[in-house]
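**Q** Numbering (numbering that gives the first Met the number 0), first residue to last: 0 to 615. Using N, Cα and C, we set each Cβ at its ideal position, and we do this for glycine too. Below are the structure tokens for one structure; questions will follow.
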Amino acid sequence: MKILCVAEKPSIAREVSRILSGGRFTTRNSRNKFIKNYDFTYNFTSLGICDVTMTSVVGHITNMDFPPAYQWGRCVPGRLFDVEVIEKVTKQDVFDNISNEARTASRLMIWTDCDREGEFIGFEIYKAAFKGNSAIQVGDIWRSQFSHLERSHIIDAASHPRSLDMNSVNAVACRMEIDFRVGTSFTRLLTDCLKQNRIIEKGGLASYGTCQFPTLGFVVDRYKRVKSFIPEKFWYIAVDIRKQNQKSSFAWTKGRFFDRMFVTQLYQDCLQTEEGTITNVESKRTTNWRPLPLTTVELQKDCARFFRMSAKAALDAAERLYNKGFLSYPRTETDSFPATMDFAGVIAKQTGDGRWGAYANSLMANGHEMPRNGSHDDKAHPAIHPVNYVAIDSLTSADEKKVYEYVVRRFLACCSKDAVGHQTTATLQWGNETFTASGLIVTEKNYLEIYTYKKWETTKQLPPLEEGEKVRISSGQMKEGETSPPNHMTETELIALMDANGIGTDATIAEHIEKIMQRDYIVKHKQGGKEYIVPTPLGMGLIEGFDQMEFDNISLSKPFLRKLLENSLQKIVDGERTKADVLEEVKQIYRQAYGVSSQKMTLLASVCRQIIAQNS
DNA sequence: GCAAGGTC
């Protein structure tokens, strides 16, 4: 009896084969240069010893399309909400490999990632297998459940398969159809109209996407807030005391007020007394927590912040390091490690390095900590960590060097003790007002010694103060300040906003930013050594134009619709709603918005024209 | 020529 096993990517097929076969497998090439077919035998608990062929796909192998009659220019874009969609095989060689291998198989076992997309890819694999062997039915599919490649976990997964979760499959099918219909209809409408109005060039493209526009919306929103910012004056009271020839500044616990008279009144009351009283001195141990295990989004945010690397460049470098076997899988939302992971083994591989080897050695000698567990789990991959050592000087790409070093230091930091400090806070009463000052001494750096990207340092110390002590106010002043404008959007902030609002995924956030840059909706702008993202006049015109149309309580440039879709998809997964039901509801919202948009295209064009003229 | 999601 032959079992056909199919994974989502070649690296998983290789690893699972290695584990299940105990290293005794033979390898055949497929027509796709990335994909190998591995043959071995395995003793499945329920079936006994079976012949196994393990292979993989490379992500999705099919996609949606419209029939020829509905290609660009052949119908009005509004029809795309309702015409039939067809399935098209996008990777014929991969598809055929599965059909062929399925011919001699009596069972199909799906080893795709255990997330929603993985479930759908599993269904695509089933269809390819069924084409080669119609004796394989949906009910015969084994779906193995695993979230990392630790040996016992994989063997357990091999003996406890479940069935394919059609709710998840339907949720993904729903997402695909919405994104496809909405994206294509609006893109054709926008492009055709902006071309007619000569706002974009003949060969140009003005795309709309359910992720592209909310992303652009974030950038435009920030830009407008910076431009329309009006500074406001505020007032506050600041106090210095002097003791042992040392000045200490105390901050007002009330902060600041925009009412000058009010602060003046309080300040006048204070001036009645020349002395203040120390009402409280508190000295306590504080800790500064080691970082959480690394996710893709965190990696991208930190690379942008620490190395000024774009999200795309960071992910590309991490991917190359993964393909060379140095890093674990770099696309993950999980901020924890499996409890069974061999942390000491991972640390031991780093002990020979010239920069961090000594630290790794000290962790080995003194015992490492168990990493903290974050609350996110994509149920498919563990947090990003080094799997093999490479001397960074032997890497040729500057980005790879930085990313590898960062991932290693982050991992060692995860296995280290938290930093410890001592914080002293003194409270001062002056008249009716209270003020505080504090000083920090870092007593044990611990993880900070290896995680050099972060600063937590000893500050200026307070002089010895006692509760009840009278102190002379060496300077008590009412000061004036001014609110400052928000900064322009950084890539780090944009990634964080997208992540928080469910726009895109760990694997696609970087791509959406790149795409709207390609479309000339946003540009990166250097200012004072920092890089900011600002909208182009076209990008502003599009958002402004859509915002001026009157939709019924919805916005095409904000993240709410995407979030609504995401919530509804989860309900499909949970079995609370059907795909047909959600599809109709969401389609109806966009269909209506499309109707309004197509009527108001002249408004959009004139808004665009106006903003472009203002900025040229 | 159009989307977003996988992966290489």
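Sort VAL585, LYS348 and SER45 by Cα distance to VAL389 and report the nearest one.
**A** Mapped onto the first sequence, residue 389 falls at position 390. The shortest C-alpha separation from VAL389 is found at LYS348.
**Q** Would you check if the stretch 592-601 and the stretch 68-81 touch, i.e. whether three or more CB-CB distances between them fall below 8 angstroms?
**A** yes
**Q** Could you check whether the stretch 338-348 touches the stretch 360-368, counting it as contact only if at least three pairs of C-beta atoms, one from each stretch, sit closer than 8 angstroms?
**A** Counting Cβ pairs under 8 angstroms, three or more are found: they touch.
**Q** What residue range does the alpha helix (DSSP H) around THR570 cover?
**A** Residue mapping note: residue 570 aligns to position 571 of the first sequence, counting from 1. In the sequence as presented, Thr is not what sits at residue 570; that position holds Lys. From DSSP, the alpha helix (DSSP H) with LYS570 extends over 559-572.
**Q** Taking 9 angstroms as the threshold (C-beta atoms), are ASP191 and ARG330 in contact?
**A** For this step, residue 330 is matched to residue 331 along the first sequence. For this step, residue 191 is matched to residue 192 along the first sequence. No, Cβ-Cβ distance for ARG330 and ASP191 is not below 9 angstroms.
**Q** Do SER473 and ASP239 have their C-beta atoms closer together than 9 angstroms?
**A** By 1-based counting over the first sequence, the position of residue 473 is 474. By 1-based counting over the first sequence, the position of residue 239 is 240. Yes, the Cβ-Cβ distance between SER473 and ASP239 is below 9 angstroms.
**Q** Which word fits ASN244, buried or exposed, when buried means at least 16 other C-beta atoms lie within 10 angstroms of its C-beta?
**A** Numbered from 1 along the first sequence, position 245 holds the residue referred to as residue 244. Exposed, by the Cβ-count rule.
**Q** Which residues in the same chain as SER158 place their Cβ atom closer than 6 angstroms to its Cβ, once the five residues preceding and following it in sequence are excluded?
**A** If you number the first sequence from 1, residue 158 lands on position 159. The answer, listed in chain order, is THR44.
**Q** How about HIS380 and PHE410: do their beta carbons lie closer than 9 angstroms?
**A** In the first sequence, counting from the first residue as 1, residue 380 sits at position 381. In the first sequence, counting from the first residue as 1, residue 410 sits at position 411. No. Outside cutoff.
**Q** Say whether the stretch 15-35 touches the stretch 129-137, bearing in mind that this needs 3 or more beta-carbon pairs closer than 8 angstroms, one atom from each stretch.
**A** no
**Q** Count the other CB atoms, across all protein chains shown, that sit within 10 Å of the CB of VAL56; report buried if there are 16 or more and exposed otherwise.
**A** Residue 56 sits at position 57 when you count from the first residue of the first sequence. Counting Cβ neighbours within 10 Å, VAL56 comes out buried, since at least 16 surround it.
**Q** Counting only runs that start and end within the stretch 153-239, where is the alpha helix (DSSP H) found for 4 or more residues in a row?
**A** 165-195 and 211-226
**Q** Please state if the CB of TYR37 and the CB of ARG27 are separated by a distance shorter than 9 angstroms.
**A** Within the first sequence, numbered from 1, the residue matching residue 27 stands at position 28. Within the first sequence, numbered from 1, the residue matching residue 37 stands at position 38. A contact, by the Cβ cut-off of 9 angstroms.
**Q** Provide the residue(s) that pair with LEU555 in DSSP beta bridges, ordered along the chain.
**A** Within the first sequence, numbered from 1, the residue matching residue 555 stands at position 556. LEU555 pairs with nothing; no bridge assigned.
**Q** With a Cβ-Cβ cutoff of 9 angstroms, do ALA616 and LYS444 count as a contact?
**A** As shown, the chain starts at 0 and ends at 615. That puts residue 616 outside it, with no answer to give.
**Q** Look at the alpha carbon of ASN96 and the alpha carbon of MET165, and state the distance between them as a whole number of angstroms.
**A** Stepping through the first sequence from its first residue, residue 96 is reached at position 97. Stepping through the first sequence from its first residue, residue 165 is reached at position 166. Roughly 24 angstroms between the two C-alpha positions.
**Q** Give the range of the alpha helix (DSSP H) segment to which LYS300 is assigned.
**A** Here the question's residue 300 lines up with position 301 in the first sequence. Unbroken alpha helix (DSSP H) run through LYS300: 295-306.
**Q** Roughly how many angstroms separate the alpha carbons of PHE179 and SER98, rounded to a whole number?
**A** If you number the first sequence from 1, residue 179 lands on position 180. If you number the first sequence from 1, residue 98 lands on position 99. Approximately 27 angstroms between the Cα atoms of the pair.
**Q** For the alpha helix (DSSP H) containing ILE532, name the first residue and the last one.
**A** Reading the first sequence from its first residue, position 533 is the one you call residue 532. Premise fails: ILE532 lies in the beta strand (DSSP E), 529-534, not in any alpha helix (DSSP H).
**Q** Find the nearest neighbour of THR209 within the set SER396, LYS586 and GLN517, judged by alpha-carbon distance.
**A** Numbered from 1 along the first sequence, position 210 holds the residue referred to as residue 209. With distances taken between Cα atoms, THR209 lies closest to LYS586.
**Q** Which residues mark the beginning and the end of the beta strand (DSSP E) in which ASN387 is found?
**A** The residue given as residue 387 occupies position 388 in the first sequence. Here ASN387 belongs to no beta strand (DSSP E), and DSSP marks it neither H nor E.
**Q** Below 8 angstroms on the Cβ atoms is my guess for ALA104 versus LYS35; work out the distance and round it to an integer in Å.
**A** Counting from one through the first sequence, the residue named residue 104 turns up at place 105. Counting from one through the first sequence, the residue named residue 35 turns up at place 36. Their Cβ separation, rounded to whole angstroms, is 17 angstroms, which puts ALA104 and LYS35 out of contact at 8 angstroms.
**Q** Across which residues does DSSP place ALA6 in a beta bridge pair?
**A** The residue given as residue 6 occupies position 7 in the first sequence. ALA6 pairs with SER55 and TRP110.
**Q** Assign ASP377 to one of three DSSP states: helix, strand, or coil.
**A** Here the question's residue 377 lines up with position 378 in the first sequence. Reduced to three states, the DSSP call for ASP377 is coil.
**Q** Using CA coordinates, which residue listed in SER10, ALA12, PHE33 and THR40 is at the minimum distance from ARG23?
**A** Residue mapping note: residue 23 aligns to position 24 of the first sequence, counting from 1. Of the candidates SER10, ALA12, PHE33 and THR40, the one whose C-alpha sits nearest the C-alpha of ARG23 is THR40.
**Q** What does the Cβ neighbour count give for SER415, buried or exposed, with the cut at 16 atoms within 10 Å?
**A** Position 416 of the first sequence holds residue 415. It counts as buried.
**Q** What is the rounded straight-line gap between the Cα of GLN428 and the Cα of THR278?
**A** Position 429 of the first sequence, counted from the first residue, corresponds to residue 428. Position 279 of the first sequence, counted from the first residue, corresponds to residue 278. Rounded to the nearest angstrom, the two C-alpha atoms are 6 angstroms apart.
**Q** Using CA atoms only, rank isn't needed, just tell me which of ILE532, ALA436, TYR207 and THR333 is closest to PRO370.
**A** Here the question's residue 370 lines up with position 371 in the first sequence. Ranked by Cα distance from PRO370, the first of ILE532, ALA436, TYR207 and THR333 is THR333.
**Q** By how many angstroms is the C-alpha of GLU100 removed from the C-alpha of VAL51?
**A** Locating residue 51 in the first sequence gives position 52, where the first residue counts as 1. Locating residue 100 in the first sequence gives position 101, where the first residue counts as 1. Cα-Cα distance, rounded: 10 angstroms.
**Q** By DSSP's criteria, ASN31 is part of a beta bridge. Which residues make up the other side?
**A** Counting from one through the first sequence, the residue named residue 31 turns up at place 32. ASN31 is not bridged to any residue.
**Q** Quick one: what's got a C-beta closer than 7 angstroms to TYR446's C-beta in the same chain, skipping five residues either side?
**A** Here the question's residue 446 lines up with position 447 in the first sequence. The residues are ARG289, ALA412, SER415, LYS416, ASP417 and ALA418.
**Q** Would you list the residues sitting across from ARG284 in a DSSP beta bridge?
**A** Here residue 284 corresponds to residue number 285 of the first sequence, with the count starting at 1. For ARG284, which the question treats as bridged, DSSP gives the partners HIS421.
**Q** Buried or exposed for THR457, going by 16 or more other Cβ atoms inside 10 Å?
**A** Position 458 of the first sequence holds residue 457. By the 10 Å Cβ count, THR457 comes out exposed.
**Q** Looking at VAL280: is its Cβ nearer than 9 angstroms to the Cβ of LEU148?
**A** If you number the first sequence from 1, residue 280 lands on position 281. If you number the first sequence from 1, residue 148 lands on position 149. No, the Cβ-Cβ distance between VAL280 and LEU148 is not below 9 angstroms.
**Q** Got a sec, what are the start and stop residues for the beta strand (DSSP E) ASN62 sits in?
**A** Here residue 62 refers to the residue found at position 63 when the first sequence is read from its first residue. Per DSSP, ASN62 belongs to the beta strand (DSSP E) from 61-64.
**Q** What residue from LEU560, VAL406, TYR358 and PHE256 has the CA that sits closest to GLU481's CA?
**A** Your numbering for residue 481 matches position 482 in the first sequence. Cα-wise, what sits closest to GLU481 is PHE256.
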